[in-house]
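Trainee: Residue numbers (my numbering): 18 to 319.
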Ligand SMILES: NC(=O)c1ccc[n+]([C@@H]2O[C@H](COP(=O)([O-])OP(=O)(O)OC[C@H]3O[C@@H](n4cnc5c(N)ncnc54)[C@H](OP(=O)(O)O)[C@@H]3O)[C@@H](O)[C@H]2O)c1
């Protein structure tokens with residue numbers, strides 16, 4: 018049994034932390050919005066008042082936060098957790114960030130004698146709940162080996178991608194594909210409907226269209242049918258990930274014009290109130306719909 022400090026109990030973190038608790042580990046948690054910790058505390062987790070409080074108690078700190086800025090602030094900002102971790106303990110960051118953030122965080126960790134793995138995940142809230150996430154890990158293979166029982170408690174598979182930052186890099190590749198292909202598919206449905214094709218018949222016909230990955234077709238079809246657009250994977254995160262992908266590519270001398278175009282579309286959807294809805298809501302945005310809870314959300318990355 019390990020003592021794990023979990024920081025970031027949002028849609029994903031709360032479910033990942035629950036699996037660690039259910040696997041028998043001692044779990045110390047904190048979150049900006051304290052009430053989100055309630056179900057975990059009721060199940061036996063312990064509350065800490067701040068990230069540094071978590072770090073003082075934990076052998077392993079695990080973060081699942083929104084953006085690179087937030088990760089950096091909680092780790093290294095005023096009252097950041099890194100200086101409070103014991104030497105030789107380990108920090109796993111599962112937030113989707115860019116590789117340069119992972120490099121900076123690994124260096125900051127190392128300056129305190131702390132080991133670091135970037136370990137973003139592929140899979141959404143359903144997979145987090147059922148333990149079916151795929152971890153994409155960058156860092157020392159021995160550190161990964163040490164942590165493998167924890168990864169196994171939370172995920173179905175752990176890929177050691179390479180050195181620090183390479184887990185984060187592969188995650189951006191995954192989400193560049195997801196974001197652009199999803200938008201292309203949503204546009205294809207909008208095109209078909211605008212040409213008078215009936216939606217369900219269109220989806221049926223697309224079963225035989227080799228251009229469209231089956232997984233994506235199924236996911237978009239189900240989401241459009243349901244029409245609720247509950248945020249398994251909130252639309253604002255795909256906009257963020259496409260931005261991170263584009264900026265990271267630019268630093269490496271590559272340009273991603275299609276990614277940039279897709280990012281703008283998701284950004285417009287967010288500004289129109291769809292940011293907290295699931296990614297499939299981009300279809301409704303393209304059709305000119307307004308979100309049912311239209312509150313004029315301009316969608317800062319809260
Ligand atoms: N949702 C998915 O399907 C999915 C799948 C794979 C990867 N991811 C990635 O995983 C990460 C978390 O996603 P999520 O869906 O769980 O997001 P979420 O529900 O919005 O959770 C984000 C977490 O970050 C915290 N946070 C945000 N800003 C903060 C700040 N300024 N100070 C302190 N804490 C702050 C939030 O605290 P509060 O609770 O107080 O807001 C929350 O704990 C993101 O990087 C996302 O891209 C998400």
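Think of the CB as a built atom: it goes at the ideal place given N, C-alpha and C, for glycine as much as any other residue.
Can you name the residues that DSSP bridges to residue 188?
Mentor: What you label residue 188 is simply residue 171 of the chain shown in a count that begins at 1. Answer is none; residue 188 lacks a bridge partner.
Trainee: Can you tell me which of 126, 214, 286, 224 puts its alpha carbon nearest to the alpha carbon of residue 200?
Mentor: Here residue 200 refers to the residue found at position 183 when the chain shown is read from its first residue. Closest option to residue 200, Cα to Cα, is 286.
Trainee: Would you call the segment 274-284 in contact with the segment 219-237, where contact means no fewer than 3 C-beta pairs closer than 8 Å?
Mentor: no
Trainee: Do residue 19 and residue 77 have their beta-carbon atoms positioned less than 9 Å apart in this structure?
Mentor: Against the chain shown, residue 77 aligns to sequence position 60. Against the chain shown, residue 19 aligns to sequence position 2. Yes.
Trainee: Would you say residue 79 and residue 22 are within 9 Å of each other, going by their C-beta atoms?
Mentor: Looking up residue 79 in the chain shown gives position 62. Looking up residue 22 in the chain shown gives position 5. Taking 9 Å as the Cβ cut-off, residue 79 and residue 22 qualify as a contacting pair.
Trainee: Considering only residues of the segment 122-173, which uninterrupted alpha helix (DSSP H) runs meet the minimum length of 4 residues and lie entirely inside it, listed in chain order?
Mentor: 142-147, 158-171
Trainee: Take the Cβ of residue 52 as the centre, count every other Cβ of all protein chains shown within 10 Å, and call the residue buried at 16 or more, exposed below.
Mentor: Indexing the chain shown from 1 puts residue 52 at position 35. The residue in question, residue 52, is exposed, as its Cβ has fewer than 16 Cβ neighbours within 10 Å.
Trainee: Using DSSP with H/G/I as helix, E/B as strand and the rest coil, what is residue 177?
Mentor: Numbered from its first residue, the chain shown carries residue 177 at position 160. Three-state DSSP puts residue 177 in a strand.
Trainee: Whose CA, out of 102, 291, 302, 255, lies closest to the CA of residue 195?
Mentor: Taking the first residue of the chain shown as 1, we reach residue 195 at position 178. Residue 195 has its Cα closest to that of 255, out of 102, 291, 302, 255.
Trainee: Could you give the C-beta distance for residue 123 and residue 102, rounded to a whole number, given that I count them as a contact under 8 Å?
Mentor: Translated into the one-based positions of the chain shown, residue 123 becomes position 106. Translated into the one-based positions of the chain shown, residue 102 becomes position 85. That belief does not hold up - the Cβ atoms of residue 123 and residue 102 are roughly 13 Å apart, past 8 Å.
Trainee: How do the segment 157-171 and the segment 31-49 stand: do at least 3 beta-carbon pairs fall below 8 Å, yes or no?
Mentor: yes
Trainee: Locate the beta strand (DSSP E) running through residue 324, then write down its first and last residues.
Mentor: For the chain, the structure presents residues 18 to 319; residue 324 sits outside this window and is missing.
Trainee: Which residue spans inside the segment 271-295 form an unbroken beta strand (DSSP E) run of at least 3?
Mentor: Within the segment 271-295, no complete beta strand (DSSP E) run reaches 3 residues.
Trainee: CA-CA distance, residue 62 and residue 249?
Mentor: Translated into positions along the chain shown, residue 62 becomes position 45. Translated into positions along the chain shown, residue 249 becomes position 232. Straight-line Cα distance between these residues: approximately 24 Å.
Trainee: Could you round the C-beta distance between residue 117 and residue 138 to whole angstroms and report it? I think they count as a contact, below 8 Å.
Mentor: Mapped onto the chain shown, residue 117 falls at position 100. Mapped onto the chain shown, residue 138 falls at position 121. Actually they do not touch by this definition, with Cβ atoms about 20 Å apart.
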